[in-house]
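Novice: Sequences listed follow chains A and B, in order. Every letter in the first sequence is one number past the one before it in our numbering, and letter 142, counting from 1, is 142. Positions in the second sequence are counted from 1; adding 1000 to them yields our numbering. Virtual Cβ for every residue (Gly too), placed ideally from N, Cα, C. Just passing along the structure, written as structure tokens.
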Amino acid sequence: MRHPSEEKLNDCVDELLPEGEKLEVRRHLDECPECKQTVAELRELIDRASRLGEIEPPQDLLPGIRTRTKRPGFGWMRWVAAAAVVGFVALLAVWQVGAPAPEPTIETLLDDFRDAETQYIRATNELAQRLEERRADLEPNVLAVLDSNLAQIDAAIAEVRLALDPERSDMQNRQMLTALYDKKLQLLWRASRLSS
Amino acid sequence: MPATEERGVFAISSQDAPNPVPALVGRARDGDFTAYERLYHRHVGGIYALCLRMTADPAGAEDLTQQAFIRGWERLDTFRGESEFAAWLRRIAVNVVLSDRRSRGRRFEQAVDDPEALETPQRTASPASIGAIDLDRAIAGLPQRAREVFVLHDVEGYRHAEIAKLLEIAVGTSKTQLHRARRLLREVLRA
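Have a look at this one:
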């Protein structure tokens, strides 16, 4: 009796054989206890390998990870700033789809918007200050790109703020302002991670 | 009142979040290292097992596990959530292990790719069951290339084309090494 090669038996178990060859091997297995045993062992081995579990390391590796990881150190500011942006977005949504009952007055909405904006500006200023303290850690070409982008965003913010009607909802400009704040936030955050 | 998993403003209710991993990943991506530490505790067993099985070197596997988590932290921005976080982290770990091996050079590779290696199992860690111990010990004793291919294919579920790319070998070589590993393991486990 001519036995299939080891490769063919493995390919049969791995479902890699073309249909014709698969049938041929199966017919052989029906008649050959030796190859049938090999295939059974292969199947058992593969099954056991796929069920191998986790292994806990003998010691806690976290301290080493902590010391070797560049930690930003002021992640909370990202949260504060993100919360501010979420505040903006929520306010804009309220303006856009109509306020839930009881309907807030435009004065209330504007007050909320100003509060969120103040919170956002505080967070970005602190991020910017931290970044300023670590400028020496950044490559000159990175700094140049960063400064140029920040200047462009600040100029755009100033322009939109100038056009914004402070007494009305002015959806379009507030949306644009929110997007710019978010852009500045993202940029500062990325830069702060590079320098930390 | 449901128990909360976190304290403070960003509290997450365990009832609201049956799978907290995506939330933890989101927070870690935003720079919250405490969230990343929790991800570490969830996944370290899987990552260490992978590194240990690939290298058969308990001390080296500890260092590689640390490297994998450090790289994961540094690259969190690239995790888009299309795959499971665990799978993403395991891929990072595989790359860490293989790039570490490459950096050690060919001499090291030839020294450990010893056909007699199966006779001197190097495994010392303690998996849960006797069967797993036997198999893990036998895997640890495989020649290096055969062990890597076996772990990637039969334990981690990679395909030959992916393994060939990762190990910079031909698909046919990947298959040959897998068959060799299976044959050696069957012999050891039968004995």
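Residues in the same chain with beta-carbon distance under 8 Å from A1164 (chain B), minus the five sequence neighbours each way, listed in chain order, please.
Specialist: Closer than 8 Å at the Cβ level, and outside the excluded window around A1164 (chain B), lie A1170, V1171, T1173, S1174.
Novice: Measure from the C-beta of L1024 (chain B) to each C-beta in chain A and report whether the shortest distance is under 7 Å.
Specialist: False, the Cβ-Cβ gap to chain A never drops below 7 Å.
Novice: Any Cβ of chain B within less than 7 Å of the Cβ of A40 (chain A)?
Specialist: No, no contact with chain B.
Novice: Assuming G64 (chain A) is part of the alpha helix (DSSP H), what are its boundary residues?
Specialist: From DSSP, the alpha helix (DSSP H) with G64 (chain A) extends over 62–68.
Novice: Going along the chain, which residues of its own chain have a beta-carbon closer than 8 Å to the beta-carbon of A1191 (chain B), five neighbours each way excluded?
Specialist: Excluding positions up to five away in sequence, the list is empty.
Novice: Name the chain A residues whose beta carbon is nearer than 9 Å to that of E1062 (chain B)?
Specialist: The contacting residues are P57, P58, Q59, L61, G64.
Novice: Quick one: is V1149 (chain B) near chain A, going by C-beta distance under 7 Å?
Specialist: It does not: the Cβ of V1149 (chain B) has no partner Cβ on chain A nearer than 7 Å.
Novice: Verify the CB distance criterion: does Q186 (chain A) have a CB-CB separation below 7 Å to chain B?
Specialist: Output row for Q186 (chain A): interface = no.
Novice: Check whether the region 144–157 of chain A and the region 179–191 of chain A are in contact - that is, three or more C-beta pairs closer than 8 Å.
Specialist: Contact holds: three or more Cβ-Cβ distances are below 8 Å.
Novice: Answer with buried or exposed for V1151 (chain B), where buried requires no fewer than 16 other C-beta atoms within 10 angstroms of its C-beta.
Specialist: By the 10 Å Cβ count, V1151 (chain B) comes out buried.
Novice: Taking Cβ to Cβ, would you say I1047 (chain B) is nearer than 7 Å to A1068 (chain B)?
Specialist: Their beta carbons are under 7 Å apart, which means I1047 (chain B) touches A1068 (chain B) by this criterion.
Novice: Hey, G64 (chain A) and Q1066 (chain B): beta-carbon distance below 7 Å or not?
Specialist: Cβ distance < 7 Å, so G64 (chain A) and Q1066 (chain B) count as in contact.
Novice: Can the beta-carbon of V1149 (chain B) be found less than 7 Å from the beta-carbon of L1178 (chain B)?
Specialist: Result yes, Cβ atoms of V1149 (chain B) and L1178 (chain B) sit closer than 7 Å.
Novice: Does the region 1078–1086 of chain B come within contact of the region 1031–1038 of chain B, defined as at least 3 CB pairs closer than 8 Å?
Specialist: The region 1078–1086 of chain B, when compared against the region 1031–1038 of chain B, does not touch it at the 8 Å Cβ threshold.
Novice: Is the CB of L29 (chain A) under 7 Å away from at least one CB in chain B?
Specialist: It does not; no Cβ of chain B falls within 7 Å.
Novice: Does chain E have any CB closer than 7 Å to the CB of Q1066 (chain B)?
Specialist: In the displayed structure, chain E is absent; the protein chains listed are A and B.
Novice: So with CB distances below 9 Å, who are the chain B contacts of T69 (chain A)?
Specialist: Near T69 (chain A) (Cβ distances below 9 Å), the residues of chain B are F1033, Y1036, F1069, I1070, W1073, E1074.
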